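Trainee: Have a look at the structure that comes next, please.
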Amino acid sequence: MTYSPTYRLSRRRALLAALLLAGTITGCAEGESGAATPASAQLRLDYAYYNPLSLVIRRQHWLEDDLKGTKVTWVLSAGSNKANENLRGETIDIGSTAGAAALQARANGTPIKTIGVYTKPEWAALVVAKDSPISKVAQLKGKKVAATKGTDPYFFLLQSLEAAGLSGTDVEVVNLQHADGKTALERGDVDAWAGLDPLMAQTQVDSGAKLIYRNPDFNSFGFLNAREGFLAEHPDLARKVLDAYEKARAWIVAHPDEAVQLLASEAKLSPEVATVVLKERTEVEISPVPGPAQRAVLERILPTLVRESQVRSEAEARTALDSLFAPDYASKAS
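Below is the structure:
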């Protein structure tokens, strides 16, 4: 049968209209409140053993359940330096670091904003082996100290040396990732280690390691940081993440024993070690909004970063501090 050109054109138009209508209906079904979610939408964030709230969110699948049209990808951060590397390389959109590491990264050109505060931990201290004769910071002069540069334990070391009348050049810093630093201490390859929990608590409990210097004021808060480009494109996803973090905070407070078990399972720790970390050295019930308390800590740390050449210049560090916080996300979290 032969059809006229007019008939064939009408058929094509009708078919195109039907396809467009079907696509619209499908799109509305996938989004929230009738709004379609782009097929390419994704959320990439980290989890870390030093960030217990991230472990809860990942285990409970809250983001995956809430963001049906978004691909959620989790990446393990072995330390603040790795989280910052992944943020800088756009491997993740949101990452957890110590406050000092966030300031250093932004001062050195990484375009991040701190959108939340997850914990107030005492997660760093100076550690020596069980039989070490070293008992105070001044005795570290000329010694090998393992530390992960760009992380809170490293900045803790610098501040501790300064308080004892020394500088970073008075010790030989062996730049190792946290787990390798712990191993080096236990093997006797270094004289001391700028430790990080939960690894620090583990070597205390299991190997009898000693903390020769503790100072809660030298520990910066746990910062949740997001790439500026991500915040510009997906502020809604950033808010969803902050909501999940507040849900995790409430869950840990309501289920402290289960939280200890979760940390022990994820980080492969004994319950005794996980208890030390979570119940004795980690304050969870804090405001998530970055503000004056966090700025005060960074104000104390900033001169050390400048003196030890951890930032490009004091002016850039000051500018970074003034522009680091984006408190609106956490202040609206529920």
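Under mature numbering (1 follows the signal peptide of the UniProt record, and there is no 0), read the sequence shown as residues -29 to -1, 1 to 305, first letter to last. Beta carbons: idealized from backbone N, C-alpha and C, even for Gly. Predicted, not measured: the structure shown is a model, and the values here were computed from it.
What is the rounded straight-line gap between the Cα of Ala304 and the Cα of Val260?
Mentor: What you label residue 304 is simply residue 333 of the sequence shown in a count that begins at 1. What you label residue 260 is simply residue 289 of the sequence shown in a count that begins at 1. Taking the straight line joining both Cα atoms gives about 9 angstroms.
Trainee: Is it true that the CB of Ala180 sits closer than 8 angstroms to the CB of Thr174?
Mentor: Here residue 174 refers to the residue found at position 203 when the sequence shown is read from its first residue. Here residue 180 refers to the residue found at position 209 when the sequence shown is read from its first residue. Yes. Within cutoff.
Trainee: Which same chain residues end up closer than 6 angstroms to Val145 when comparing Cβ atoms and leaving out the 5 residues on each side of it in sequence?
Mentor: Stepping through the sequence shown from its first residue, residue 145 is reached at position 174. Counting only Cβ-Cβ distances below 6 angstroms, and skipping sequence neighbours, we find Lys115, Ala117, Val161.
Trainee: Could you pull out every residue in the same chain whose Cβ sits closer than 6 angstroms to the Cβ of Ala135, ignoring the five residues on either side in sequence?
Mentor: Position 164 of the sequence shown, counting from 1, holds the residue named residue 135. Closer than 6 angstroms at the Cβ level, and outside the excluded window around Ala135, lie Val108, Ala109.
Trainee: Cα separation between Ala209 and Ala72?
Mentor: As a position in the sequence shown, residue 209 is number 238, starting the count at 1. As a position in the sequence shown, residue 72 is number 101, starting the count at 1. Between Ala209 and Ala72, the C-alpha separation is close to 20 angstroms.
Trainee: Please classify Ser51: is it buried, with 16 or more other beta-carbons within 10 angstroms of its beta-carbon, or exposed?
Mentor: Here residue 51 refers to the residue found at position 80 when the sequence shown is read from its first residue. So Ser51 ends up on the buried side.
Trainee: Would you check if the distance between the CB atom of Ser75 and the CB atom of Gln281 is smaller than 8 angstroms?
Mentor: Position 104 of the sequence shown, counting from 1, holds the residue named residue 75. Position 310 of the sequence shown, counting from 1, holds the residue named residue 281. Sequence inspection shows Gln at residue 75; the Ser mentioned does not correspond to that position. It is a contact, given that the beta carbons lie within the stated cut-off.
Trainee: If you reduce the DSSP assignment to three classes, tell me which class Pro23 lands in.
Mentor: Here residue 23 is taken as the residue at index 52 of the sequence shown, counted from 1. Correct three-state label for Pro23: helix.
Trainee: Okay, do the region 266 to 273 and the region 53 to 66 touch, 3+ Cβ pairs below 8 angstroms being the bar?
Mentor: Result no; under three Cβ-Cβ pairs closer than 8 angstroms.
Trainee: Starting from Glu217, trace the alpha helix (DSSP H) in both directions and tell me its first and last residue.
Mentor: The residue given as residue 217 occupies position 246 in the sequence shown. From DSSP, the alpha helix (DSSP H) with Glu217 extends over 206 to 225.
Trainee: To the nearest angstrom, how far is it from the Cα of Gly80 to the Cα of Ala286?
Mentor: The residue labelled residue 80 in the question sits at position 109 within the sequence shown. The residue labelled residue 286 in the question sits at position 315 within the sequence shown. Between Gly80 and Ala286, the C-alpha separation is close to 13 angstroms.
Trainee: Tell me whether the beta-carbon of Asn196 lies closer than 8 angstroms to the beta-carbon of Ile28.
Mentor: Along the sequence shown, one-based indexing puts residue 196 at 225. Along the sequence shown, one-based indexing puts residue 28 at 57. Contact flag unset, no.
Trainee: Rounded to whole angstroms, how far is the Cβ of Val244 from the Cβ of Pro169, which I believe are closer than 8 angstroms?
Mentor: Taking the first residue of the sequence shown as position 1, residue 244 is located at position 273. Taking the first residue of the sequence shown as position 1, residue 169 is located at position 198. Contact flag correct, Cβ pair sits at about 6 angstroms.
Trainee: Run through the region 86 to 113 for me and flag every whole beta strand (DSSP E) of 3 or more residues, listed as ranges in chain order.
Mentor: Segments of the beta strand (DSSP E) lying fully in the region 86 to 113: 95 to 99.
Trainee: Specify, as a first and last residue, the run of the beta strand (DSSP E) that Leu273 falls within.
Mentor: Here residue 273 refers to the residue found at position 302 when the sequence shown is read from its first residue. Per DSSP, Leu273 belongs to no beta strand (DSSP E); it is in the alpha helix (DSSP H), 263 to 278.
Trainee: Taking 8 angstroms as the cut-off, does the region 221 to 235 touch the region 149 to 159 (at least 3 CB pairs, one atom from each stretch)?
Mentor: With a cut-off of 8 angstroms, the region 221 to 235 and the region 149 to 159 do not count as touching, because too few Cβ pairs lie within range.
Trainee: When you compare only the Cα positions, how much space is there between Ser67 and Ser138?
Mentor: Reading the sequence shown from its first residue, position 96 is the one you call residue 67. Reading the sequence shown from its first residue, position 167 is the one you call residue 138. Taking the straight line from one Cα to the other gives about 28 angstroms.
Trainee: Below 8 angstroms between beta carbons: does that hold for Val99 and Ala172?
Mentor: Taking the first residue of the sequence shown as position 1, residue 99 is located at position 128. Taking the first residue of the sequence shown as position 1, residue 172 is located at position 201. Contact: no.
Trainee: Compute the beta-carbon to beta-carbon distance between Phe192 and Gly70, rounded to the nearest angstrom, for a pair I have assumed lies under 8 angstroms.
Mentor: The residue labelled residue 192 in the question sits at position 221 within the sequence shown. The residue labelled residue 70 in the question sits at position 99 within the sequence shown. About 5 angstroms; that satisfies the 8 angstroms criterion.
Trainee: Pick helix, strand or coil for Asp17, following the three-state DSSP scheme.
Mentor: The residue given as residue 17 occupies position 46 in the sequence shown. In the structure shown, Asp17 sits in a strand (DSSP, three-state: E or B).
Trainee: In or out: Ser123 buried (at least 16 other Cβ within 10 Å) or exposed?
Mentor: By 1-based counting over the sequence shown, the position of residue 123 is 152. Looking at the sequence itself, residue 123 is Asp, so the reference to Ser does not match. With 16 or more other Cβ atoms within 10 Å, it is buried.
Trainee: Quick check on the burial criterion: 16 or more other C-beta atoms within 10 angstroms. Buried or exposed for Arg158?
Mentor: Numbered from its first residue, the sequence shown carries residue 158 at position 187. It is exposed - the Cβ of Arg158 has fewer than 16 other Cβ atoms within 10 Å.
Trainee: I need the boundaries of the beta strand (DSSP E) containing Gly152, first residue and last residue.
Mentor: In the sequence shown, the residue the question calls residue 152 occupies position 181. Not the beta strand (DSSP E): Gly152 falls in the alpha helix (DSSP H), residues 149 to 158.
Trainee: Using a 10 Å radius around the Cβ and a threshold of 16 neighbouring Cβ atoms, would you call Ser25 buried or exposed?
Mentor: Counting from 1 along the sequence shown, the entry for residue 25 is found at position 54. Burial call: buried.
Trainee: Would you identify the three-state DSSP class for Gly(-7), choosing helix, strand or coil?
Mentor: Numbered from 1 along the sequence shown, position 23 holds the residue referred to as residue -7. Interpretation of Gly(-7) is limited by its pLDDT of 40, a score under 50 that renders its predicted location unreliable; no figure is taken from the coordinates.
Trainee: Assuming contact is defined by CB atoms lying nearer than 8 angstroms, are Val101 and Ser48 in contact in what I supplied?
Mentor: Within the sequence shown, the letter at position 130 stands for residue 101. Within the sequence shown, the letter at position 77 stands for residue 48. Note that residue 101 is Lys in the sequence shown, not Val. Result no, Cβ atoms of Lys101 and Ser48 do not sit closer than 8 angstroms.
Trainee: How would you write the range of the beta strand (DSSP E) that Val244 sits in, first residue to last?
Mentor: Residue mapping note: residue 244 aligns to position 273 of the sequence shown, counting from 1. Here Val244 belongs to no beta strand (DSSP E); instead the alpha helix (DSSP H) covers 242 to 246.
Trainee: For Glu133, collect the residues of the same chain with a Cβ closer than 7 angstroms to its Cβ; drop the 5 residues on either side in sequence, then sort them by chain order.
Mentor: Along the sequence shown, read from residue 1 onward, the residue named residue 133 stands at position 162. So the list reads Thr275, once near-sequence residues are dropped.
Trainee: Taking the alpha-carbon of residue 306 as reference, which of Ala203, Val43, Asn22 has the nearest alpha-carbon?
Mentor: Because the chain in this structure spans residues -29 to 305, residue 306 falls outside the shown range and cannot be described.
Trainee: In this structure, how does DSSP classify Asn52 when only helix, strand and coil are distinguished?
Mentor: In the sequence shown, residue 52 corresponds to position 81, counting from 1. Helix.
Trainee: Under 8 angstroms Cβ to Cβ from Ala297, same chain only, skipping five residues before and after it: list those, please.
Mentor: Within the sequence shown, numbered from 1, the residue matching residue 297 stands at position 326. The residues are Lys84, Thr85, Ile86, Ala197, Leu202, Pro261.
Trainee: Is Arg185 near Ala267, with beta carbons less than 8 angstroms apart?
Mentor: Mapped onto the sequence shown, residue 185 falls at position 214. Mapped onto the sequence shown, residue 267 falls at position 296. No, the pair does not count as a contact, with Cβ atoms beyond the cut-off.
Trainee: Identify every residue that forms a DSSP beta bridge with Lys250.
Mentor: For this step, residue 250 is matched to residue 279 along the sequence shown. DSSP lists no partner for Lys250.
Trainee: Rounded C-beta distance between Glu93 and Pro187? I'm assuming under 8 angstroms.
Mentor: Here residue 93 corresponds to residue number 122 of the sequence shown, with the count starting at 1. Here residue 187 corresponds to residue number 216 of the sequence shown, with the count starting at 1. So it is a contact: roughly 5 angstroms between Cβ atoms.
Trainee: Among residues of its own chain, excluding the 5 on either side of Glu35, which ones have a beta-carbon nearer than 7 angstroms to its beta-carbon?
Mentor: Mapped onto the sequence shown, residue 35 falls at position 64. Cβ neighbours of Glu35 beyond the five flanking positions: Val43.
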